[in-house]
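Going by our numbering, the residue at position 161 of the sequence shown is 163; the numbering climbs one at a time, nothing skipped.
Written out below as structure tokens is the structure these notes cover.
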Amino acid sequence: MIHKGSSIKLLTQGPDFGTKIIDHTIWGRKPENNLGGRAMKKHPGWIFIIVSALFFLIAPSTQAFLFKNNVEKAREYIKANMVDNALDLLKKEIEEKPTNAEAHFELGAIYLDQGLHSQAEQRFKGAVGLDAKFKARVARKHMQSAVVLMDKGNYRDSIRYFEVAASYQPSLKTEIAECCMKKANELINKGITQNTDSSTSETASII
């Protein structure tokens, strides 16, 4: 008499007319489909294998995102034009890790892009206070923003940004002067002289 769960061996003849021994385990009426319940309990490792397989099916970019820290994730959100998500993540990071200078800087950069100067300055000062090396990055961020404003024709605000950049990194004064003179020459060549003289004189006051 064969009991449920017992193992039997059957002799079968393959296509090469040789004799093969097949080991069968009797689970019930449909042994080939009974892979749930007790089978999974006997092999909990199967769950891990399945989960691992699903993980490797995920796009590499998604895998990389999962292992990034909050600041790196915030940068990814900014690249994807999901600024609100980046703001929430950076604020959370600063709340949990107030000494994270990188988070202060990135949040300040977002505020600067949004024209929120006082909030930006607060975060930039926080970053520099935690790590003096951020002076150069804060200065460069203001420099980049000033160039963007200048290209948009907002010369007065661009000069203010240049001034802040120079206050954080005085060595940028020569580069700022060259940038402003280049823009002034472009405007003169196009026949656009309105506000050019005043902007140039303000630049001279920086250097």
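From the three backbone atoms N, C-alpha and C, an ideal C-beta is built for every residue, glycine too.
Only a predicted model underlies this, so the values are computations on that prediction, with no experimental measurement involved.
Cβ neighbour criterion (16 or more within 10 Å) applied to residue i
{"i": "E108", "result": "buried"}
{"i": "A88", "result": "buried"}
{"i": "S160", "result": "buried"}
{"i": "H26", "result": "Because the pLDDT at H26 is just 46, under 50, the model does not fix this residue reliably, and the point stays unresolved."}
{"i": "R158", "result": "exposed"}
{"i": "I112", "result": "buried"}
{"i": "K154", "result": "exposed"}
{"i": "K192", "result": "exposed"}
{"i": "K185", "result": "buried"}
{"i": "I190", "result": "exposed"}
{"i": "I24", "result": "Note that I24 has pLDDT 45, beneath the 50 cutoff, so the model's placement of it is unreliable and no number is given."}
Cβ-Cβ separation, residue j to residue i (assumed contact under 8 Å), whole Å
{"i": "A167", "j": "A148", "result": "7 Å"}
{"i": "E95", "j": "N72", "result": "4 Å"}
{"i": "A129", "j": "A103", "result": "5 Å"}
{"i": "G131", "j": "A122", "result": "Contact doesn't hold; Cβ gap of about 15 Å is too wide."}
{"i": "L92", "j": "A82", "result": "Contact flag wrong, Cβ pair sits at about 15 Å."}
{"i": "Y170", "j": "K137", "result": "5 Å"}
Boundaries of the alpha helix (DSSP H) in which residue i is found, first to last residue
{"i": "A179", "result": "175-191"}
{"i": "G210", "result": "Not covered by the structure: residue 210. The range shown for the chain is 3 to 209."}
{"i": "A168", "result": "157-170"}
{"i": "A111", "result": "103-115"}
{"i": "M145", "result": "136-153"}
{"i": "K99", "result": "Per DSSP, K99 belongs to no alpha helix (DSSP H) and is neither H nor E."}
{"i": "K81", "result": "72-81"}
Proximity to residue i [Cα-Cα], best of the options
{"i": "Q146", "options": "R125, E177, N87", "result": "E177"}
{"i": "E188", "options": "P100, M152, A82", "result": "M152"}
{"i": "L114", "options": "A88, K143, P100, I190", "result": "K143"}
{"i": "A105", "options": "K184, K70, E74", "result": "E74"}
{"i": "P100", "options": "Q116, I190, V85, R125", "result": "R125"}
{"i": "R139", "options": "I190, D90, P172, Y79", "result": "P172"}
{"i": "G117", "options": "C182, V150, D133", "result": "V150"}
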